Structure formats: C-alpha cells, structure tokens
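Undergrad: Below are the structure tokens for one structure; questions will follow.
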Amino acid sequence: MAHSHEELLSFDVAALGAKLHAKEISPVELTEAYLDRIQRTDEKIRAYITVTDELARKAARKAEHEIVAGKWRGPFHGVPIGLKDLCYTKGILTTGGSKILNDFKPAHDCTAWTRLARAGAILLGKLNLHEFAYGITSSNPHHGFVRNPYGLDHIPGGSSGGSAAAIVACSAAATIGTDTGGSIRIPAALCGCVGLKPTWSRVSRYGVLPLAYTMDHVGPITRTVRDAALMLNVIAGHDRNDSTSSRERVTDYTQSLDAEISGMKIGMVRELTDNLSAEVQRSFTAAAQQLRELGATVDEVSIPSLPLSGIISGIVTWAEATEIHHQWMATRPQDYGDDVRRNLEIGMMIPGSAYVRAQRARARVLAQATDALNNRDVLIAPGAAIPAPKIGESRRFDAESGGVDVLSAILRFTSPFDVTGQPAIAVPTGLSTDGLPLSMQIVGRPFAEVTVLQVASAYERARGAVPAPPPL
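The sequence shown finishes on residue 1020 if you use my numbering, and the numbering steps up by one all the way, no holes.
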C-alpha cells in the first residue's frame, strides 16, 4: 500500500519501526519524504545546519536491502533522524553552531551516533543550536535563528533548538540533543514535544563537544514518550571511551510504559510552583489533577536549597566552559557571538574557591532532592514559567506576574536537575490561548528512568493529542 509523504511523516518511531519491519513502507520512500520536507520547510525554521542528503539516500538503500533480506536490526532500522551539531560525525561537518568550527570534520563518530547507526538509523543531517550550546534561545548569529514551528516569531528554546524544531516540523523522526542547564527539556517544553535528560553518566558523551564537563548530558528529543524510551534503549550504557559513563545495568526502558500509576506517590516541588504565568499555572494544575485521576497521590514537597541551583549552575558552567574555550578565547574572541563571548569572559573572573564551593553545594541540593523522593516515586514541576518568548524578548510584562526576566523564567525550572544529575523528562500539557506549547517535567531518582517514563507515558495517554502547529 502506497503512502503519501504526509502520511509517512505522521508516524512516530514506534509506528515506523513496525511498518518498516512488516515491509509496509520502504526506508527509501521514507527518507525521500523527510528530505523533501526539509527542502520545503527548513528555510522557515532553520533547524538544520547541514543536510546529508546523499549519505541518507545511500543508508536508506542499505537498510532496505537488509530488511528485505530479513536482517532486522530493531525499531530504528531505516528511521531517519537528526543529530545536534555538537555530535561528532566522521567526515561530516560538525560546527558546534559556531564560526570557529565552520570547517571541522571529525575523524570519528560520537558514541551515541555509533550506536544509532549500528541500530540502522539514517542520518538526515546536523541540527542547529545555540552557539556551542551556551544559551537557551538558539538565536544563532552564524547559522541562522532557529524558529518555533508553533510561532515563527518565537524562540524554540535552546540550546537544542534545532533538535526540537525538527521534531515538531516533521523534518526528523527523532533527534539527539544535549542538556547542561536544560537544553533538551527547554526546547521540548517550548516546542511541544518530548525531551528526556537521562541520569548524568547514563549516556556516553564521547565525541560530543562539551560545554561543562560535570553537567553535560546527552539524550533524546522525540514525538512521544515511547520513542524517547526506544532511543534510550539504543544509546544508554557504559562506553570505554568515556570514563565518566556509568556501569549501572541498562534495562529495557519500554518495560513499564503501559503500566498504570495508581498508588504512586508524586511530589510537586514547592520551590518551582511560584511566579508562573496564569496559563502555565492552569495547565500545570490540570496536569497534576490528571495524575490524581489516574490514581496517584500528589502532594507538595520542599527542596529548600533548590533556589541555589541557578547560582551553582552558573558558576560551574562559567568556570568549566571557560577552561574548554580558553585557547580560542585567547586567539579568536571576535569569532564568538556576543552573548557567548560575554559568558566566557565572566567565566574568566570566577575564582577557584567559588568553583569549589559551588561543587560542594551541589551535594547538598542532591541530598535534599533525594530526601524529597524518600517516600515518593517521582517529582513534578512546570517545564517553564512562561510559554515561548518572542525572538529578542528579554523581559515580559503581564497582569498576573508583572515583570518577568525571560532567562530566569525558563532556566530556573530545568537547571536544578542538571545540578543534581537526576533523570527528568519534559512532556507537553497543551497549548496557551496564543497557541504556544505548555509543558510539565517529571523527575526521578538517579537511574530510575523506567519510573519517570512510566509516569510520563500514563500522563501522555490520559492527556490525548496536542494540536499540531500551523502549516509551514
């Protein structure tokens, strides 16, 4: 049965895997549908820096031959995906969203892509981002401003803005992002898709350009919770090339997706429920009530040191990023965008004593977050205090909250769980009256991704479909 391009683009990874395995669709026709979609729409959203069209076609032909021959590799076999352009791809431009690496072609692949390629995934290209992942707007001065498919004059969030925009624009079936202060969950929240930050060390960072060594995470951005679990199944696990990657046992992250959550105990983080826009407050309250209706107990819980997370995250990232970039800052400062250069200059002024104190304070925040989960299965919080701001908007004024600093209204909800390293997922909760996505975070104990995904999946089923963005 022939499928139109629109039909092919409408399937999530789980559905694509089943149809590809059953030979109901072809990797070749599927890849052509995605390449056509990129060609027709990407000028409007700027999700891609590099499109690897000929390599994708070659990989699709190989996947088709293997599937026909019965050599099935799993649910990503023949599925077209995109990678954030921090991810090394052998012989393929990897810019980090920068001018400095404008012609850099790595000699090897990052481990996440190695594992996805081994699983049969097809690379459509490299995705746009905030320069060197150091920001949350994805307004990239070198490769174009990424735009939110739900509102082209709004930011998609960052730093993995292209990764989320490509999902929502149907120009990739799944993508990889990175998260240091929220860079998987922020774009997922603002663009209306699913973003999973696994436990720190759960996924190898080998071959991924770093921002801050002790806070960087790699993870999936997808259409559904199931797709995120399927991708984590592929990319999780120890890697001898990354000494920080965990040896904790990898399980099947899809195992509890269909399970009920009746009887679960869920904590609503008090420190992350104030100063919300009225629409975010209504949407988050409704999401918490939906969890109650599914049989979970939802109560308020306090993590007193959580407000320190923004300061901790800032100091650690400033210091570590400046160390990573010190040679380029010494020789090519003019080649950075203004905001990234300013952040790196701040990092030069962070004394070692402040960095040490910040790292020690991280342990206190984690201990309190762990205590909050002693008698609970997961924690919940909004994805952000406001819907996606307009491009260039730095401060928002409204009747409910008065003046709101856009940066803090977004980062303060995500950075705490980079500080603690806990797994956290952003799932859509609906749209604002302006048609912009709203979101909830679900946070678990370290390495408890199965539980986080279980709760997210149960909520997703109960919530139903979120309206699609306007046609591009």
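Quick reminder that beta carbons are idealized off the backbone N, C-alpha and C, glycines included. Keep in mind the model is a prediction, meaning the values are calculated, not measured.
#1: For Arg609 and Tyr682, what's the separation of their Cα atoms in angstroms?
#2: My guess is that Ile629 and Thr726 are in contact by the Cβ rule of under 8 angstroms, so how many angstroms apart are they, rounded?
#3: Which residues in the same chain as Gly644 place their Cβ atom closer than 6 angstroms to its Cβ, once the five residues preceding and following it in sequence are excluded?
#4: Looking at the unbroken alpha helix (DSSP H) that takes in Thr723, where does it start and where does it end?
#5: So, helix, strand or coil for Ser687, using DSSP?
#6: Whose C-beta lies closer than 7 angstroms to the C-beta of Gly706 among residues of the same chain, with five residues either side of it excluded?
#7: Checking the sheet assignment: what are the DSSP bridge partners for Cys635?
#8: Quick one: what's got a C-beta closer than 6 angstroms to Glu796's C-beta in the same chain, skipping five residues either side?
#9: Using beta-carbon positions only, say whether Leu921 and Arg993 come within less than 8 angstroms of one another.
#10: Comparing C-alpha positions only, which one of Ala1010, Asp982 and Glu941 sits nearest to Leu805?
#11: Let's see if you can read the secondary structure: which residues bound the beta strand (DSSP E) around Pro985?
#12: If you count every other CB in all the chains shown that lies within 10 Å of the CB of Lys674, and 16 or more means buried, which is it?
#13: Nearest-angstrom Cα distance between Ser825 and Arg910?
#14: Return the bridge partner residues of Ala784 from the DSSP annotation.
#15: Does the beta-carbon distance from Ser752 to Thr642 come in below 8 angstroms?
#16: Can you list the alpha helix (DSSP H) stretches of 4 or more residues lying completely in the stretch 560-614, in chain order?
#17: Taking the alpha carbon of Ser901 as the point to measure from, which residue in His873, Asp919, His874 and Ile860 has its own alpha carbon closest?
#18: Do Pro704 and Cys739 come within 8 angstroms of each other at the CB atom, strictly closer than that value?
#19: Whole angstroms are fine: how far does the CA of Leu984 sit from the CA of Ile783?
#20: Excluding the five sequence neighbours on either side, which residues of its own chain have a C-beta within less than 7 angstroms of the C-beta of Ile939, listed in chain order?
#21: Roughly how far, in whole angstroms, is the beta-carbon of Glu997 from the beta-carbon of Leu780, given that I think they are within contact range, below 8 angstroms?
#22: State the beta-bridge partners of Ile629 as determined by DSSP.
TA: Reading from the atomic positions:
#1: 37 angstroms
#2: 15 angstroms between Cβ atoms; not a contact.
#3: Leu634, Phe680 and Leu757
#4: Counting along the chain, Thr723 falls outside any alpha helix (DSSP H), though it belongs to the beta strand (DSSP E) covering Ala722 to Asp727.
#5: strand
#6: Leu677, His678, Gly683, Ile684, Thr685, Ser686, Ser731, Ile734 and Pro735
#7: Val756
#8: Phe995
#9: yes
#10: Ala1010
#11: Pro985 to Val991
#12: buried
#13: 29 angstroms
#14: Val751
#15: no
#16: 561-569 and 575-593
#17: Ile860
#18: yes
#19: 31 angstroms
#20: Ser687, Phe693, Asp701, His702 and Ile703
#21: 6 angstroms
#22: Leu671 and Ala722
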